[in-house]
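Residue numbers (this note's numbering), protein chains in the order written: chain A, 92 to 443; chain B, -2 to 184.
Working notes, structure below.
Here it is as structure tokens:
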């Protein structure tokens, strides 16, 4: 038994989950603020504990809404945890957990930095990292379908059904879109993919079509606008989480935003060089502690950029109609992804 | 006659969605820039910023005093009777009550209450008052911790109302009548 390994792994898990939760909390705030800016509004700017106004800069932070997530979280915690009559109890309680756990698990294989000292900055450096990710991500649909089924109500049921069809359809395009990347690198390990990118340049240059398909598919996978059909507030009340309230609802929220975090992290890792930057000597694994920390921040910055894109897109597009969604998934992206694989393979074969 | 409108088929470029996506991103980015950098915000942050009210705004009705500090109200109860939501309640002094404290008034209200929860700011009381003792003023956001606090009594109404000297009503009517001597009418 290697105690060193266990302790460091636990520390890494704790920090990674903590950071992800923090990002989730503040991405809800970012969502509200960015939507406000896009719609010429101000956004949340009042919430603050009473002592804050005596601290220098406290008023500015309040205007930014920094304390809003605390209030939101508190509200979710102290609300009555209501269970409607007629729900299928076990599944009703199980569904939020099943939605959250896969969203959290994906982060395990993503290298969020090179190394600090002797420790690799990845929780599990699997050599089938990307397959693990796809395996876990596809489990996320169960939470939503189960929530839709357990609520014993029409609109959640519609939401659940829509979600199952949508997520399965886009799962395929997503998987197909990554294959060219794997062909080019010749490895399934995410750390290896990053180190390949540090010597050859970012993958988005080699496989732009893959990136576009992956990005659109990850919007669909995370149920974000323009693919938010499972929760479609305007037509399905609230979709699969109509009957949920309090902390159980918050867990679905958490799952959605954690999925956004892990999707952004995957995009950064696969197509934008992960923790590397092509200058300032950040393109190889860190040799000093400071460098290691800088690389973690580089990764976080890239990831947050994609989080902002996720939010930005939400306040721009109307929702797809269901048949358009299916059409886009099966008749546009799937053939495109297959052709992309073929072209990449032929190109590699001719070159090699 | 039926007119057939030919729908233009989308070109390949349009079918890619990309031009529309880029256009949308531009629009939202422009709005975000206007809000964040140029500070063109449509929100008015209410308790700190307030509307500039027009001079003839009809807010809450308050009693006023004349230039000598006397209560102008003579307890005629016209406003009480005209009030559509029955928000005003006047208690007259009665036979044994306090006499009027000024010469050209017969009596004074012993108590004058306006229930601000009932008041609809219609202005009938101001319109009907022969003594010009009650005016709709600029207050519109009256708050209290209980319903009882929002029944304003005479002291409160007088202290909020301020002072309006003399009686202007007939002067205005006279001016209007004079103006009608000249044709065409200008108001």
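Glycine residues also receive a C-beta, built at the ideal position from the N, C-alpha and C atoms.
These numbers come from a predicted model, not from an experiment.
Going along chain B, which residues have a C-beta under 8 Å from residue 128 of chain A? 28, 29, 32, 33
Cβ shell of residue 261 of chain A (< 7 Å), same chain only, five flanking positions each side left out: 308, 311, 312, 420
Cβ separation of residue 111 of chain A and residue 352 of chain A, assumed to be a contact under 8 Å, to the nearest whole Å: 5 Å
Neighbourhood of residue 97 of chain B by C-beta distance below 7 Å, restricted to the same chain and skipping five residues each side: 103, 104, 105
If you scan the segment 86 to 151 of chain B from start to end, which runs of the beta strand (DSSP E) of 3 or more residues do you find wholly inside it? 108 to 112, 131 to 133
So, for residue 413 of chain A: in the same chain, excluding its five sequence neighbours on each side, which residues have a beta-carbon less than 8 Å away from its beta-carbon? 253, 320
If we define contact as Cβ-Cβ less than 8 Å, is residue 19 of chain B a contact residue for chain A? no
Give me the subset of the segment 213 to 225 of chain A whose CB atoms are less than 8 Å from a CB atom of chain B, sorted by chain position. none
For residue 64 of chain B, which beta-bridge partners are listed by DSSP? Partner(s): none; residue 64 of chain B has no beta bridge.
Suppose contacts are defined by Cβ-Cβ distances below 8 Å. Is residue 334 of chain A in contact with residue 175 of chain A by that definition? Contact flag set, yes.
Would you give the residue range spanned by the alpha helix (DSSP H) that residue 53 of chain A belongs to? Nothing can be reported for residue 53 of chain A: it is not among the residues displayed for chain A, which extend from 92 to 443.
With DSSP as the reference, label residue 207 of chain A as helix, strand or coil. strand
How many angstroms separate the CA atom of residue 263 of chain A from the CA atom of residue 280 of chain A? 20 Å
Would a check of beta-carbon distances place residue 22 of chain B closer than 8 Å to chain D? Judged by its chain identifiers, the structure shown contains no chain D, and its protein chains are A and B.
Mind checking if residue 407 of chain A is an interface residue toward chain B, Cβ cutoff 8 Å exclusive? yes
Cβ closer than 8 Å: which chain B residues qualify as neighbours of residue 132 of chain A? 32, 38, 39, 40
Do the segment 199 to 208 of chain A and the segment 385 to 397 of chain A make contact, defined as three or more Cβ pairs closer than 8 Å? yes
Do you know offhand how far residue 365 of chain A's Cα is from residue 136 of chain B's? The alpha-carbon atoms of residue 365 of chain A and residue 136 of chain B are separated by roughly 60 Å.
Taking only runs that begin and end inside the segment 139 to 222 of chain A, name each unbroken alpha helix (DSSP H) of 4 or more residues, in chain order. 149 to 155, 159 to 169, 180 to 196
Mind checking residue 422 of chain A: buried by the 16 CB within 10 Å criterion, or exposed? That one is exposed.
Could you check whether the Cβ of residue 371 of chain A sits closer than 8 Å to any Cβ belonging to chain B? no
Spatially closest choice to residue 134 of chain B from B/56, B/29, B/34, by CA coordinates: B/56
Quick check on the DSSP output: the alpha helix (DSSP H) that includes residue 350 of chain A runs from which residue to which? 337 to 362
Return the Cβ separation of residue 350 of chain A and residue 251 of chain A in integer angstroms, given the expectation that the two are a contact with Cβ distance under 8 Å. Contact flag wrong, Cβ pair sits at about 16 Å.
Given a cut-off of 8 Å, decide if residue 181 of chain A and residue 406 of chain A are closer than it, judged by their beta-carbon atoms. no
Taking the beta carbon of residue 375 of chain A as the centre, do at least 16 other beta carbons fall within 10 Å, making it buried, or is it exposed? Answer is exposed; the Cβ neighbour count stays below 16.
Close-in-space but distant-in-sequence residues of the same chain around residue 302 of chain A (CB under 6 Å, 5 per side omitted): 295, 362
Quick one: which chain A residues come within Cβ less than 8 Å of residue 25 of chain B? 129, 403, 406, 407
Residues that residue 58 of chain B bridges to, as DSSP identifies them: B/133
Short check: CB of residue 219 of chain A to CB of residue 193 of chain A, under 8 Å? no
Straight-line gap, residue 105 of chain A to residue 437 of chain A (C-alpha atoms, nearest Å): 44 Å
Distance check for residue 148 of chain A and residue 133 of chain A, CA to CA, integer angstroms please. 19 Å
Considering just the uninterrupted stretch of the alpha helix (DSSP H) at residue 442 of chain A, what are its terminal residues? 425 to 442
Could you tell me whether the Cβ atoms of residue 123 of chain B and residue 44 of chain B are closer together than 8 Å? no
Sheet register partners of residue 178 of chain B (DSSP bridge): In the DSSP assignment, residue 178 of chain B is bridged to no other residue.
Coarse secondary structure for residue 45 of chain B, derived from DSSP in three states: The DSSP-derived three-state label of residue 45 of chain B is coil.
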